[in-house]
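Structure, as structure tokens:
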Amino acid sequence: MINVVPIPEKITYNGGIVARKSNVIRLIEKNSALGDEGYILRAEPESITLIAETQKGIFYAEQTLKQLMEGTVIQCMEIIDRPRFEYRGFMLDSARHMQSLDEIKKLIDAAALLKFNTMHWHLCDDQGFRIESKKFPLLNEKGSWRDGDNFGPIKSDKRYGGYYTQDEIREIVKYCKDRFIEIVPEIDLPGHTTALISSYPELSCTKNQIPVEKRQGIFEDVLCIGDENTLPFVYELLDEIIPLFPYERFHIGGDEVKYNRWENCPKCSAKKQELGFENFAQLQWHFTKQVIEHLEKHGKKATVWNESLAGGKLTDEATVQMWLDPKKHSVRHANRGGKVITSDFYHYYCDYPYHMTPLRKTYRFNPVLKGIAPVMKKHVIGVEAPIWTEYICDFDKLCYMFFPRIAAVAEVGWSKEENLNSTEFEKRFRKITPLLKSIGINPAKPEEWNPTPIQRLTGTVKFFSSRISVDIIKSSLNNGKK
Ligand code: ACM
Ligand code: ZN
Numbered sequence: 011m012i013n014v015v016p017i018p019e020k021i022t023y024n025g026g027i028v029a030r031k032s033n034v035i036r037l038i039e040k041n042s043a044l045g046d047e048g049y050i051l052r053a054e055p056e057s058i059t060l061i062a063e064t065q066k067g068i069f070y071a072e073q074t075l076k077q078l079m080e081g082t083v084i085q086c087m088e089i090i091d092r093p094r095f096e097y098r099g100f101m102l103d104s105a106r107h108m109q110s111l112d113e114i115k116k117l118i119d120a121a122a123l124l125k126f127n128t129m130h131w132h133l134c135d136d137q138g139f140r141i142e143s144k145k146f147p148l149l150n151e152k153g154s155w156r157d158g159d160n161f162g163p164i165k166s167d168k169r170y171g172g173y174y175t176q177d178e179i180r181e182i183v184k185y186c187k188d189r190f191i192e193i194v195p196e197i198d199l200p201g202h203t204t205a206l207i208s209s210y211p212e213l214s215c216t217k218n219q220i221p222v223e224k225r226q227g228i229f230e231d232v233l234c235i236g237d238e239n240t241l242p243f244v245y246e247l248l249d250e251i252i253p254l255f256p257y258e259r260f261h262i263g264g265d266e267v268k269y270n271r272w273e274n275c276p277k278c279s280a281k282k283q284e285l286g287f288e289n290f291a292q293l294q295w296h297f298t299k300q301v302i303e304h305l306e307k308h309g310k311k312a313t314v315w316n317e318s319l320a321g322g323k324l325t326d327e328a329t330v331q332m333w334l335d336p337k338k339h340s341v342r343h344a345n346r347g348g349k350v351i352t353s354d355f356y357h358y359y360c361d362y363p364y365h366m367t368p369l370r371k372t373y374r375f376n377p378v379l380k381g382i383a384p385v386m387k388k389h390v391i392g393v394e395a396p397i398w399t400e401y402i403c404d405f406d407k408l409c410y411m412f413f414p415r416i417a418a419v420a421e422v423g424w425s426k427e428e429n430l431n432s433t434e435f436e437k438r439f440r441k442i443t444p445l446l447k448s449i450g451i452n453p454a455k456p457e458e459w460n461p462t463p464i465q466r467l468t469g470t471v472k473f474f475s476s477r478i479s480v481d482i483i484k485s486s487l488n489n490g491k492k
């Protein structure tokens, strides 16, 4: 069995083994069948030849070779390989808990090994703003710091915070670029903005000074859409951040926006009326459309979480990231010709315990969502494995939660559907584990990947019982009311 993750498209064994000291030859050749990420790896008795149309293809051939070299011998063979999906991402939440640059680089190395091509970097949320802003210094003086942690079982009275300087962000961008990984930065708008509002209270409906959040959850202070100064602020902030990330995609969030502040805000209510809207989801949609248009002026294409579609359609140029979408907005977006990335909460969220989301469950999920017409399936451009860090304060825990589930998402994103096999995947993952460990990544142990049904039940109950307090339940019930 070949010890490669993701499993390559086609492997032909030619008999014999490759001499340990073989030359590696790299050839860039026109071969339209390979596309810009595909490659051929020819392992012969005295040489190994990597062929691709692009440097990126050669880089992926090298990742395969690195894994093959972990085996005791390399068989003589020809591999022809290319990805199933154009978008293969992982999401890192550095807002709730930050990671050091060295840790992020380790993660990027592991992601490159698994042929991911995108890192979605969640850089601001209620619990912290993590990008250096020279235009809006209070975002760092106030918004990057919180007064401790109160995330369910994770409690601390110690002030927590920090941010990545613009130079550090450029360093990570360069590190990714050298590994053919694009960064999609996320500035989550108009909700999940407590850190922004605590820095600049004039951005909210109440204008009250509020602290940066130290609890997990969904909070009611969101940007005031009715205030004429909000959009200019957002544009100016984006104008500062956009040049740090030299890519086309830019994520503007849009998830979990509570509307009760807007309902009680004279400016937001007047705006809704002026625009002839029936509900506040439309007001959010209107705001999102304006931000998308602003990004377009910079040559950027927006990605949004699926809730952004609740108030209306968005341009086909916008990519919708599906995570929890009972009303199937993402499916309709794909059926209209819009792009969709699948990050299904129940299968791809790697911050939930293996009891709730066993490895096999992640692996076996079909990212091409039910309800998409056969001719529109191509609009699902890929997959993304998110990890949120309310409950993940250190890198070892992050690696434990992410690996091997992130590798399962990598394989589903890269490999042909007919080559997917979860048992074989698990065996191959064990073989590449030493390589991950050499990078500094310690995955969960095999006995933890797929708990039994009874373990799943008890583990899931235990996880939620230590995280959901009566206070949180009460406050979310109140917030839902007018
Ligand atoms: C999300 O998990 N709130 C996108
Ligand atoms: Zn308002």
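In the working numbering, the protein residues as written are 11 to 492.
Just so you know, even glycine gets a beta-carbon here, dropped at the ideal spot from N, CA and C.
State the Cα-Cα distance for the pair residue i and residue j, rounded to the nearest angstrom.
i: Gln73; j: Leu124; result: 8 Å
i: Glu458; j: Arg169; result: 34 Å
i: Thr468; j: Ser279; result: 46 Å
i: Pro444; j: Leu408; result: 18 Å
i: Ser42; j: Met129; result: 27 Å
i: Glu56; j: Arg30; result: 9 Å
i: Lys268; j: Glu181; result: 36 Å
i: Ser353; j: Ala395; result: 6 Å
i: Met366; j: Phe473; result: 9 Å
i: Phe260; j: His132; result: 11 Å
i: Glu427; j: Gly26; result: 29 Å
i: Ile38; j: Arg92; result: 15 Å
i: Thr399; j: Gln292; result: 30 Å
i: Thr204; j: Asp136; result: 4 Å
i: Asp103; j: Ile397; result: 6 Å
i: Leu379; j: Val393; result: 11 Å
i: Pro242; j: Gly172; result: 26 Å
i: Asn13; j: Glu436; result: 10 Å
i: Leu319; j: Glu284; result: 21 Å
i: Cys270; j: Ile351; result: The amino acid at residue 270 is misidentified as Cys; the sequence shows Asn. Cα to Cα, Asn270 sits roughly 29 Å from Ile351.
i: Phe355; j: Glu142; result: 30 Å
i: Asp361; j: Asn33; result: 42 Å
i: His308; j: Glu258; result: 9 Å
i: Pro363; j: Arg466; result: 9 Å
i: Pro147; j: Thr216; result: 22 Å
i: Lys165; j: Trp155; result: 16 Å
i: Leu334; j: Gly48; result: 32 Å
i: Lys387; j: Asp188; result: 31 Å
i: Phe439; j: Pro414; result: 7 Å
i: Cys403; j: Met332; result: 26 Å
i: Pro256; j: Cys134; result: 19 Å
i: Ile464; j: Arg370; result: 16 Å
i: Phe375; j: Gly381; result: 15 Å
Judging by CA-CA distance, which residue of the options is the nearest neighbour of residue i?
i: Pro18; options: Ile382, Ser42, Gln331 and Leu75; result: Leu75
i: Arg52; options: Ser42, Pro363 and Arg36; result: Arg36
i: Ile416; options: Glu258, Ile451 and Lys388; result: Ile451
i: Trp424; options: Pro16, Thr22 and Met108; result: Pro16
i: Val341; options: Asp361, Leu305 and Val385; result: Val385
i: Ile493; options: Asn33, Arg466, Glu113 and Ala62; result: Shown here, the chain extends from 11 to 492; a query on residue 493 therefore has no answer.
i: Ile251; options: Lys224, Ile191 and Leu149; result: Leu149
i: Lys184; options: Leu254, Leu199 and Ile164; result: Leu254
i: Lys9; options: Ile164, Ile191 and Tyr210; result: With the chain covering 11 to 492 only, the question about residue 9 has no answer from this structure.
i: His202; options: Asn239, Glu223 and Ile191; result: Glu223
i: Pro200; options: Thr22, Phe290 and Pro461; result: Phe290
i: Glu96; options: Gly45, Thr64 and Arg106; result: Gly45
i: Val390; options: His343, Tyr364 and Leu305; result: His343
i: Phe287; options: Ile302, Lys40, Gly321 and Ile193; result: Gly321
i: Glu80; options: Pro456, Leu446 and Glu266; result: Leu446
i: Phe412; options: Thr372, Thr64 and Glu434; result: Thr372
i: Tyr401; options: Arg106, Glu63, Gly99 and Val28; result: Arg106
i: Trp315; options: Ile464, Glu196, Asp167 and Asp157; result: Glu196
i: Ile68; options: Ile50, Pro336 and Phe100; result: Ile50
i: Gly138; options: Lys282, Leu111, Ile207 and Val194; result: Ile207
i: Ile58; options: Lys40, Ile89 and Gln65; result: Ile89
i: Arg477; options: Ile302, Phe297, Phe161 and Tyr359; result: Phe161
Based on the DSSP output, what are the partners of residue i in its beta bridges?
i: Asn33; result: Ser57
i: Gly99; result: Thr128 and Glu394
i: Val330; result: Val314 and Val350
i: Ile38; result: Ala62
Within 8 Å, do at least three Cβ pairs link the region 317 to 331 to the region 341 to 351? yes
Do the region 228 to 235 and the region 111 to 125 touch if we need at least three Cβ pairs shorter than 8 Å? no
Is the number of C-beta pairs between the region 79 to 93 and the region 245 to 258 that are closer than 8 Å three or more? no
Of all the beta strand (DSSP E) runs that stay within the bounds of the region 212 to 280, which reach a length of 3 or more residues? 259 to 261
Entirely within the region 116 to 172 and at least 3 residues each: give me those beta strand (DSSP E) ranges in chain order. 128 to 132, 159 to 161 and 164 to 166
3 or more residues per run - each beta strand (DSSP E) lying fully within the region 388 to 462: 390 to 397
Along the chain, which unbroken stretches of the alpha helix (DSSP H) at least 4 residues long are found entirely within the region 286 to 321? 290 to 307
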